[in-house]
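Quick note on our numbering: the sequence shown kicks off at 23 and runs consecutively. For glycine and all other residues, C-beta sits at the position ideal for the given N, C-alpha and C. Keep in mind the model is a prediction, meaning the values are calculated, not measured.
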Amino acid sequence: MTTYSFLDDYSEGAHPQILQALTATNSVQQAPYGEDAYSHEAKAKIRSHLANPDCAIFFVASGTLANIITIGSFLRPHEAVIAAASGHIVTRETGAIEAIGHKIITVPPVNGKLTPDGIRAALEANAHFPHMAKPRLVYISNATEIGTIYSKAELQAISDLCRERKLILYMDGARLGAALSGYQNDLTLTDIGLLTDAFWIGGTKVGALLGEAIVITNPSLAEDFAFHIKQRGGLLAKGRILGLQFQELFGPTNLFFNLALHSNAMAKKLATGITNAGYELAANTETNQVFPILPNALIASLSKLFAFYVWEKRGEHNSVIRLVTSWATEEAQVDRLVEAINSETVSTNV
């Protein structure tokens with residue numbers, strides 16, 4: 023039987039609507055380097071969700087590129103980033119931020135998230151100037167690395183502290199679609215635009231072939247940003263490919279949010295099935311990532327039918343695995359995975 027992947031939310035190519043748009047416009051000549059009509063229209067559609075109609079928007083191909091370019095352009099050489107120890111730039115980007123010369127000051131996360139208390143502790147522990155790197159930018163991601171999301175009150179508290187201490191608040195939005203479509207979410211794109219200095223909207227993990235949209239709401243940070251994109255190798259000659267995809271994602275069919283809703287619904291069904299089978303979760307399933315704690319023998323059996331990451335060990339006999347659902351996850355495969363867990367549980371208990 024074919025192995026079905028729950029490794030990530032980008033194992034498939036792209037949503038058919040996006041592919042159709044790319045094919046239909048393939049022979050239409052457009053200006054290069056993001057000056058095409060599709061990119062301009064996509065930016066207008068994104069701005070319609072924001073309070074600031076003059077915010078700067080830039081498209082790049084990947085999330086790591088978005089983080090490198092944005093953080094690298096915002097900070098001077100002696101300035102540092104405050105991030106949760108579990109943050110993506112800390113654990114999953116091969117030291118990219120350190121490689122461009124910026125220290126990351128890590129703080130223990132609370133339910134995967136950064137808190138005002140954690141930020142204050144980092145500021146106090148790194149205040150021996152000029153002998154220590156100066157904390158200047160606060161990095162958060164929504165959803166977090168364990169799929170949890172920030173409430174409006176939590177983001178407001180962080181934003182207030184950043185503005186009080188003259189810190190840049192920057193949000194990684196690789197799974198922002200899933201976060202904004204979460205069952206417990208009370209944030210909007212408008213809120214995020216008002217409360218952060220910059221954030222980005224992930225397209226790669228919600229039905230696009232590739233692409234992320236960087237949104238800079240603080241005008242002082244947007245100056246000369248295009249130069250940084252070019253210098254870091256992020257300015258595509260065929261920028262139309264990125265713009266057209268975001269034009270479709272934020273078009274009249276509401277594709278961006280509808281695809282994220284599907285991925286979240288599949289994760290919720292998966293989490294419910296796993297807990298009903300008697301297993302605990304290492305983190306609440308708030309978006310499209312599920313972290314069950316399973317016996318190692320069961321994990322070995324499931325790995326013959328499904329692809330997933332073993333996230334971390336839990337004692338001698340158990341481990342946490344990560345299951346990620348996507349815009350294209352088939353409900354029948356969710357049912358198949360839950361049935362496999364139940365059947366293996368029964369056979370183990372006999």
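Residue i, DSSP secondary structure in three states
i, result
"K67", "helix"
"D194", "strand"
"F330", "coil"
"I168", "coil"
"R254", "coil"
"K290", "helix"
"R336", "strand"
"S61", "helix"
Identified DSSP bridge partners for residue i
i, result
"W349", "Paired residues: none, contrary to the question."
"W222", "I236"
"K156", "E101"
"L316", "S341"
"Q311", "V346"
"S181", "Its beta-bridge partners do not exist; DSSP assigns none."
"S27", "A329"
"L303", "P314"
Residue i, buried or exposed, once every other Cβ within 10 Å from all chains shown has been counted against 16
i, result
"S285", "buried"
"H153", "exposed"
"D357", "exposed"
"A282", "buried"
"V372", "Reliability of the predicted coordinates at V372 is poor, the pLDDT of 39 falling under 50, and the value obtained from them is presented with this limitation in mind. V372 comes out exposed."
"G134", "buried"
"F249", "exposed"
"N276", "exposed"
"S61", "buried"
"D58", "buried"
"H37", "buried"
"V237", "buried"
"G265", "buried"
"R197", "buried"
"H187", "The sequence given here places Arg at residue 187; His does not occur at that position. That one is exposed."
Nearest neighbour of residue i, chosen from the options [CA to CA]
i, options, result
"T351", "T137, Q311, S341 and N48", "Q311"
"A259", "K65, L320 and A53", "A53"
"F313", "F272, N364, T347 and T239", "T347"
"S179", "G295, A147, A149 and L216", "A quick correction: the sequence has Ala, not Ser, at residue 179. For the residues G295, A147, A149 and L216, the minimum Cα distance to A179 belongs to L216."
"V160", "S203, A43, I251 and N89", "N89"
"S341", "A322, S173 and S108", "A322"
Minimum length 4: unbroken alpha helix (DSSP H) runs contained in the stretch 66–145: 85–96, 110–113 and 118–121
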